[in-house]
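Peer 1:
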């Protein structure tokens, strides 16, 4: 790990007794704190220098260590293995950073995240070197915040959050850079590194995916779409309610899943309501009320409210 960056990526995480699976790439200094924060976690570490993995402070943490250069060799893990992949400055030395970032995303669970960092090319120290005619980062890619965010979104991450790690400039330095034409929005010129949390799913989808298995979510999506498009509807509704009872669905979750997965929610709810018994119709009404409460616009809330009233009047035809 480069000596200048403070290892602060774990500030994105809260301690837990969950049996998480976490991979650390090169940034081995995180391992002792990870074991303290997540005592039940399965910890893996990858480093090009195997001697580092053998150090007592890391071996004592029960870490599965693998000697491997992540820049030259693919990681030896299956898809959707890890809850978190943690590595400072991972993409700076990469010849093709998008390949590395996208590759890492495939090893993350649907609810997982990649925690990394990058040196800010707009930090006063870098700009000072450039203005003096020097660039000392010969084998390093430097980024500004918007470009790094675009890189991660292009690498299949859906939610990217950043935090600044600052190093103040000498007196008058920032003022000189601003006078020379450099913007300093949000003290960007004194942000030496950006800390990054890149989630594989949006927060709402991540929550949905955390409740049930991938196979259960896939089965639910298939049932919803067949009901939505009126395909063998009576049978699909019967199968939906059997599934609802079997896996323990509940109205709030169902409403949010419909919101994320169904293209024509009004048609779906009308078809479901039309082929359900009285008790099931009560659940449909609760789903609609939950959907109305979670609406993200006045128009959506009004549309769902009108549907609730129409179904109460027995108007079930799409």
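Residue numbers (our numbering): 10 to 327. Note that CB positions come from ideal geometry on N, CA and C, so glycine has one too. This structure is a prediction, so every number in the text was calculated from the model and none was measured.
1) I believe residue 125 touches residue 96 by the beta-carbon criterion, under 8 Å. Please report the beta-carbon distance rounded to the nearest angstrom.
2) Which full runs of the beta strand (DSSP E) of 3+ residues lie inside the stretch 134 to 193, going along the chain?
3) Which one or two residues does DSSP pair with residue 91 in a beta bridge?
4) Assuming residue 74 is part of the beta strand (DSSP E), what are its boundary residues?
5) Counting only the same chain and skipping the five closest in sequence on each side, list residues whose C-beta sits under 6 Å from that of residue 317.
6) Using a threshold of 7 Å, state whether the C-beta atoms of residue 206 and residue 122 are closer than that.
7) So, does the stretch 106 to 115 touch the stretch 46 to 63, judging by three or more C-beta pairs under 8 Å?
8) With C-beta atoms as the reference, is residue 203 less than 7 Å away from residue 282?
9) Between residue 141 and residue 268, what straight-line distance do the alpha-carbon atoms span, to the nearest angstrom?
10) I'd like the list of long-range same chain contacts for residue 295, defined as Cβ closer than 6 Å, with 5 residues on each side in sequence excluded.
11) How big is the Cα-Cα spacing for residue 74 and residue 49?
12) Which residue comes first and which comes last in the alpha helix (DSSP H) that contains residue 256?
13) Does DSSP classify residue 127 as helix, strand or coil?
14) Which residues does DSSP pair with residue 51 in a beta bridge?
15) Using a Cβ-Cβ cutoff of less than 6 Å, which residues in the same chain neighbour residue 249 once the five nearest sequence positions on both sides are dropped?
16) Which residues in the same chain as residue 11 place their Cβ atom closer than 7 Å to its Cβ, once the five residues preceding and following it in sequence are excluded?
17) Is it the case that the Cβ atoms of residue 200 and residue 173 are separated by a distance below 7 Å?
18) With residue 70 and residue 84 assumed to form a contact (beta carbons below 8 Å), what rounded beta-carbon distance in angstroms separates them?
19) Secondary structure at residue 110, three-state DSSP: helix, strand or coil?
20) Going by C-alpha distance, which of 310, 300, 82, 118 is nearest residue 166?
21) Using a Cβ-Cβ cut-off of 7 Å (strictly less than) and excluding sequence neighbours within five positions of residue 111, which residues of its own chain qualify?
22) Per the DSSP calculation, residue 207 is bridged to which residue(s)?
23) Helix, strand or coil for residue 259 per DSSP?
24) Which stretch, first to last residue, makes up the alpha helix (DSSP H) that contains residue 274?
25) Which value, in whole angstroms, describes the spacing of the CA atoms of residue 32 and residue 40?
26) For residue 16, I'd like the list of residues in its chain whose CB is within less than 8 Å of its CB, leaving aside the five on either flank, ordered along the chain.
27) Buried or exposed: where does residue 170 fall if 16 or more other Cβ atoms within 10 Å of its Cβ makes it buried?
Peer 2: Taking the structure as given:
1) Here the question's residue 125 lines up with position 116 in the chain shown. Here the question's residue 96 lines up with position 87 in the chain shown. Yes, they are in contact, since the Cβ atoms of residue 125 and residue 96 sit about 6 Å apart, within 8 Å.
2) 168 to 175
3) Within the chain shown, residue 91 is the residue found at index 82, counting from 1. Looking at the DSSP assignment, residue 91 forms a beta bridge with 117.
4) Counted from its first residue, the chain shown places residue 74 at position 65. Start and end: 73 to 76.
5) Here residue 317 refers to the residue found at position 308 when the chain shown is read from its first residue. So the list reads 297, once near-sequence residues are dropped.
6) Start at 1 with the first residue of the chain shown, and residue 206 comes out as number 197. Start at 1 with the first residue of the chain shown, and residue 122 comes out as number 113. Yes, they are a contact pair.
7) no
8) On the chain shown, position 194 is the one that residue 203 refers to. On the chain shown, position 273 is the one that residue 282 refers to. Result no, Cβ atoms of residue 203 and residue 282 do not sit closer than 7 Å.
9) The sequence position of residue 141 within the chain shown is 132, counting from 1. The sequence position of residue 268 within the chain shown is 259, counting from 1. Going by the C-alpha atoms only, they are around 55 Å apart.
10) The count along the chain shown starts at 1 and reaches residue 295 at position 286. Around residue 295: 260.
11) Within the chain shown, numbered from 1, the residue matching residue 74 stands at position 65. Within the chain shown, numbered from 1, the residue matching residue 49 stands at position 40. Roughly 17 Å separates the two Cα atoms.
12) As a position in the chain shown, residue 256 is number 247, starting the count at 1. Note, residue 256: alpha helix (DSSP H), 242 to 256.
13) Translated into positions along the chain shown, residue 127 becomes position 118. Of the three classes helix, strand and coil, the one that applies to residue 127 here is strand, per DSSP.
14) By 1-based counting over the chain shown, the position of residue 51 is 42. Looking at the DSSP assignment, residue 51 forms a beta bridge with 30.
15) For the purposes of this step, residue 249 is taken as residue 240 along the chain shown, with counting starting at 1. Hits under 6 Å: 232.
16) Taking the first residue of the chain shown as position 1, residue 11 is located at position 2. Note on residue 11: pLDDT 48, under 50, position unreliable in the model; the coordinate value appears next. So the qualifying residues of the chain are 98.
17) The count along the chain shown starts at 1 and reaches residue 200 at position 191. The count along the chain shown starts at 1 and reaches residue 173 at position 164. The answer is yes: Cβ separation under 7 Å.
18) As a position in the chain shown, residue 70 is number 61, starting the count at 1. As a position in the chain shown, residue 84 is number 75, starting the count at 1. With 8 Å as the limit, residue 70 and residue 84 do not qualify as a contact, their Cβ atoms being about 20 Å apart.
19) Translated into positions along the chain shown, residue 110 becomes position 101. In the structure shown, residue 110 sits in a helix (DSSP, three-state: H, G or I).
20) One-based indexing of the chain shown puts residue 166 at position 157. Per the Cα distances, 118.
21) The sequence position of residue 111 within the chain shown is 102, counting from 1. Answer for residue 111: 164, 165, listed in chain order.
22) Sequence index remark: in the chain shown, residue 207 carries index 198 (1-based). DSSP output for residue 207 lists 123, 169 as bridge partner(s).
23) Your numbering for residue 259 matches position 250 in the chain shown. It is coil, neither helix nor strand.
24) Along the chain shown, read from residue 1 onward, the residue named residue 274 stands at position 265. Residue 274 -> alpha helix (DSSP H) spans 274 to 283.
25) The count along the chain shown starts at 1 and reaches residue 32 at position 23. The count along the chain shown starts at 1 and reaches residue 40 at position 31. Roughly 10 Å separates the two Cα atoms.
26) Walking along the chain shown from the start, residue 16 turns up at place 7. For residue 16, where only same-chain residues beyond five positions count, the Cβ hits under 8 Å are 10, 36, 38, 39, 97.
27) Indexing the chain shown from 1 puts residue 170 at position 161. So residue 170 ends up on the exposed side.
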